[in-house]
Amino acid sequence: MKTFFRLPLLFAALMVCFASCEKNDTESDTTGGTASNTIERLIYCHVDNSESHQTLTTESEWEAMLDHICDWAHDGSEVTFYNMNQATPTTSDMKQSQSSDSKEDRTITTASREEMKKWMKRMEKEGLTVRVTYDNASGTWRGEAYATAPAVNTSGILPGTWHFSCMVVSQYDADGQLLSRDRFDPDDDGGSMRYTFHSDGTLLLAIVGMGGVEVTDNGTWSLSSDGVLSSQLLPNGIDWNVSWITPGTMILSRNDLGTADGDYCYQLLFESVTDAG
226 MKTFFRLPLL
236 FAALMVCFAS
246 CEKNDTESDT
256 TGGTASNTIE
266 RLIYCHVDNS
276 ESHQTLTTES
286 EWEAMLDHIC
296 DWAHDGSEVT
306 FYNMNQATPT
316 TSDMKQSQSS
326 DSKEDRTITT
336 ASREEMKKWM
346 KRMEKEGLTV
356 RVTYDNASGT
366 WRGEAYATAP
376 AVNTSGILPG
386 TWHFSCMVVS
396 QYDADGQLLS
406 RDRFDPDDDG
416 GSMRYTFHSD
426 GTLLLAIVGM
436 GGVEVTDNGT
446 WSLSSDGVLS
456 SQLLPNGIDW
466 NVSWITPGTM
476 ILSRNDLGTA
486 DGDYCYQLLF
496 ESVTDAG
């Protein structure tokens, strides 16, 4: 598997402190075959003002979760969810999710519960965030899916200090089959990484390694009108989709398609620490 953790050169020495790469969910098959372990979904869910996350290990649990989402929406709640452990999208799904042409089917209005569930499954498979409501007057569910959160939402929540909790890297073959899923946790070796986003567009990255050795670097960040977050201090690429953001949690994602090793999906998980102003 290709090296997937890249940071500015200032931090190369400290990466020794973060050398372990924990294998989670699936392992690469050394014979070149597809990993056979059950794929888990880590669903982040926001219902009105309450956020939670749940690991689902079977398709029946996923079906039950979709029913709960429909029930919550039917009872008057706005429900949003995102899968931190993406399923196995095909290459065409991954490419389509980055294409403007795919936005035509990113909304749905239907009186059919089953049609709503099928649509949610398709949007989750494409790695999108899904928002669901129910209109009692018309008796219809309404859904909206997006690759990046609306910029106005992100800009109102992002300024502050965020603890970089982990990075999940999923590798797919040309047919969209999951080859491996790797998880990098800075805290596992006694270190930590924190990003402080200031409202003036400046950014501070602080890395603490084992033994309390700390280095910092200053940079900038920007947010496009499409909600794409950009900074040279972010690992493995400058531009990231803000797939999920609440006052407590932020998940960034990006796809790297057509490499010599296959297709990759990167996901970064952050937890809010303080407001920075």
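Counting from 1, position 153 in the sequence shown corresponds to residue 378 in the numbering used here; the numbering is continuous, with no gaps.
All C-beta atoms, glycine included, are put in the ideal place defined by N, C-alpha and C.
If you're wondering where the values come from, they're calculated on a predicted model, not measured in any experiment.
| message | So, for Asp280: in the same chain, excluding its five sequence neighbours on each side, which residues have a beta-carbon less than 6 angstroms away from its beta-carbon? | response | At residue 280 the sequence reads Thr, which differs from the Asp that was named. Closer than 6 angstroms at the Cβ level, and outside the excluded window around Thr280, lie Glu265, Leu267.
| Beta carbon of Tyr489, beta carbon of Gln396: below 8 angstroms? | In contact: Tyr489 and Gln396 (Cβ atoms closer than 8 angstroms).
| said: For the structure I just gave you, are there three or more beta carbon pairs, one from the stretch 371-378 and one from the stretch 409-426, closer than 8 angstroms? | reply: Cβ pair count under 8 angstroms is below three, so no.
| task | Just the C-alpha distance for Ile432 and Gly416, rounded to the nearest angstrom, thanks. | result | Rounded to whole angstroms, Ile432 to Gly416 spans 7 angstroms at the Cα level.
| Which of helix, strand or coil does DSSP assign to Thr379? | Helix, per DSSP.
| field | Host alpha helix (DSSP H) of Arg347 (start-end) | value | From DSSP, the alpha helix (DSSP H) with Arg347 extends over 338-350.
| request: Check whether the Cβ atoms of Phe306 and Phe389 lie closer than 8 angstroms to each other. | output: No.
| task | Assign Ser277 to one of three DSSP states: helix, strand, or coil. | result | Ser277 falls in the strand class under three-state DSSP.
| query | Does DSSP classify Trp366 as helix, strand or coil? | reply | Correct three-state label for Trp366: strand.
| said: What does the Cβ neighbour count give for Val393, buried or exposed, with the cut at 16 atoms within 10 Å? | reply: Val393 comes out buried.
| Within this structure, are the beta carbons of Leu477 and Ser468 separated by less than 8 angstroms? | Yes, they are a contact pair.
| query | Just curious, the alpha helix (DSSP H) that Asp292 is in, first and last residue? | reply | Boundaries of the alpha helix (DSSP H) around Asp292: 284-299.
| request: State whether the stretch 419-426 contacts the stretch 349-363, with contact taken as three or more CB pairs (one from each stretch) at a distance under 8 angstroms. | output: Not touching, per the Cβ criterion.
| For Ser363, which of His299, Pro384, Val272, Glu439 has the nearest alpha-carbon? | Comparing Cα positions, the closest option is His299.
| query | Going by the CB atoms, is the gap between Glu303 and Arg356 shorter than 8 angstroms? | reply | Yes.
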